[in-house]
Amino acid sequence: MNDAFLICTVREADDNDRKFINDYLVKLRSQGKTVYYPAEDTEQVDSSGGYQICSDNCWGIMDSKEVHVYWTDKSQGTKFDLGMAFIQHKMIGKKIRLANRSQVEKMVEEQKSKNIGKSFEMVLLKLDDLANQ
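Under our numbering, the letters of the sequence shown match residues 16 to 148, in that order.
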């Protein structure tokens, strides 16, 4: 069993995303944690149109003690994986932590300034708070 599954953008990742993710992985692994990282651990060439990627990530999430999320709003796969992790959070109490909390907090500040009252970003902050209790 892995210590963590890292939900993050793969296809849409830009240089800044890749640097943040790499630094985050180095930090976790230097603490002796094993991390399932989809860009490395899930075959990204998928003749089924993505079904196999979703299946492999589902098993990876199930086989991890907790889930860490690097959140950007540009990734559809991140949203799908978050849904799979949320089910496990509700069913078995799996912790979901934010890798880039400060970035998500800024997104939420902007949303609140526009009177937006609910968002994935707000849910992620709540999940991260619950994981840290």
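We put the CB at the ideal spot given by N, CA and C, even for glycine.
As the structure is a prediction and not an experimental result, all values here were calculated from the model.
- Put simply, the backbone Cα of residue 112 is about 28 Å away from that of residue 60.
- If you draw a straight line from the Cα of residue 40 to the Cα of residue 147, it is about 19 Å long.
- Each residue's CA atom was taken as its position, placing residue 139 and residue 62 some 32 Å apart.
- Judged by DSSP secondary structure, residue 31 falls within the alpha helix (DSSP H) whose first and last residues are 30-45.
- Taking C-beta separations shorter than 6 Å and ignoring five residues to either side along the sequence, the partners of residue 51 in its chain run 17, 20, 75 and 79, following chain order.
- Between residue 115 and residue 85, the gap from beta carbon to beta carbon is short of 9 Å.
- For residue 115, the three-state secondary structure derived from DSSP is coil.
- With fewer than 16 neighbouring CB atoms inside 10 Å of its own CB, residue 144 falls in the exposed class.
- Where residue 68 is concerned, the enclosing alpha helix (DSSP H) starts and stops at 66-77.
- With a 10 Å radius around the Cβ and a threshold of 16 neighbouring Cβ atoms, residue 72 comes out buried.
- Looking at the DSSP output, residue 19 shares a beta bridge with 50 and 81.
- Within 10 angstroms of the beta-carbon of residue 106 lie fewer than 16 other beta-carbons, which makes it exposed.
- In terms of Cβ geometry, residue 101 and residue 142 form a close pair [threshold 9 Å].
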